[in-house]
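In the UniProt record's numbering, the protein residues as written are 1 to 367. As structure tokens, the structure follows; a few thoughts come after it.
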């Protein structure tokens, strides 16, 4: 059907062109036919010529139109909407600029340049609207949320203090796979909406489909945690469908999304934590929370541990507390496999975890 329509359009175009211009060719050839005969003959000749050409070009035109149709059907509505709005704005600006150029008597400027300006501004307008749609959508969302905060009402119409409205919490891949975020949400320590970006979901799915067994299990664990968050826990979970196509790294996308939404990144990735701090993005590190709720250990305290292996430095031994905290025992290599009493000498606390340094109590007594 589409092929017949294209052929009909080409035939009508050929007939129109022949009707307008072939009579002039007859006049140049001194043909003495009546004018209406020349017009009809021109239309027939033009339609016939382009009809014969359709046998070579119609398939290419039909394939191109079907490709365009498939691309438009598959494209998200937001992409089409903002791309079209950008195109319209670009064409309006081009129209205003071209009106100014019409007063210039130079033909290149007044007749040819407007064609290029219309094309370029239309193209740039479409690209800006298409590629920056996420930012425009977030501007609308932020404006709506800020209006509610200024008006002092929540979604149910109850009066609230704008400063008490919790920010969205944006989860990264590592904190989802880690799984502790579900337990934190279950205890109501995390307020506000939990946001799961689509690009994080895609990364999780890619990990879950990995040929490596360990990666595959981690990815599936992350997907199970998301299902638990959405179905079993008393938190509001939203999926952010946008993407930042000009940005490749998922961590960079998270930082950019947090800036747009004025949200908070939730992670246990030490490097992402530092990047967020450097770019003035609020971040909640699960490891920091875990370290904060661990029992406080002070230098001089005594504890009983089992030395499991030797350390990196000479004659060091390594042991662990029940919560996973690593204890470095100076002169502890000789006690590997034994449970001994140690005295804490210092504690090192970072976002990556906590380390305790100690010495065997027996050595302290010897001194």
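For every residue, glycine included, the Cβ atom is placed at its ideal position computed from N, Cα and C.
DSSP three-state call for residue i: helix, strand or coil?
i	result
residue 168	coil
residue 285	strand
residue 360	strand
residue 368	There is simply no residue 368 to check, as the chain begins at 1 and stops at 367 in what is shown.
residue 266	strand
residue 161	The predicted model places residue 161 with a pLDDT of 48, which falls under 50 and marks its position as unreliable; any figure quoted below should be read in that light. The answer is coil: DSSP assigns residue 161 none of H, G, I, E or B.
residue 9	helix
residue 233	coil
residue 52	helix
residue 226	helix
residue 348	strand
residue 255	helix
residue 295	coil
residue 155	No answer about residue 155 holds up, because its pLDDT of 49 lies below 50 and its placement is not dependable.
Report, in whole angstroms, the separation of the C-beta atoms of residue i and residue j, which I expect to be a contact under 8 Å.
i	j	result
residue 253	residue 197	7 Å
residue 250	residue 264	About 17 Å separates the two Cβ atoms, so there is no contact after all.
residue 130	residue 82	6 Å
residue 267	residue 174	6 Å
residue 222	residue 233	Between residue 233 and residue 222 the Cβ distance is about 15 Å, and since that is not below 8 Å, they are no contact.
residue 238	residue 195	5 Å
Check whether the Cβ atoms of residue i and residue j sit closer than 9 Å, and answer yes or no.
i	j	result
residue 329	residue 300	no
residue 286	residue 180	yes
residue 327	residue 358	yes
residue 89	residue 10	no
residue 341	residue 302	yes
residue 118	residue 87	no
residue 16	residue 41	no
residue 307	residue 335	yes
residue 319	residue 333	no
residue 373	residue 192	With the chain running from 1 to 367 in the structure shown, residue 373 is simply not present.
Based on DSSP bridge pairs, tell me the residues matched to residue i.
i	result
residue 310	317
residue 16	Note: residue 16 sits in no beta bridge, so no partner.
residue 240	197
residue 326	320, 355
residue 305	340
What residue from the options has the CA that sits closest to residue i's CA?
i	options	result
residue 218	121, 308, 98, 178	178
residue 132	257, 213, 96, 71	257
residue 243	255, 235, 236	255
residue 93	201, 169, 77, 122	122
residue 339	305, 321, 60	305
residue 248	226, 202, 225, 168	202
residue 229	241, 337, 171, 271	171
residue 337	271, 309, 210	309
residue 50	77, 18, 70	18
Using a C-beta cutoff of 9 Å, does residue i count as contacting chain B?
i	result
residue 181	Judged by its chain identifiers, the structure shown contains no chain B, having just a single protein chain.
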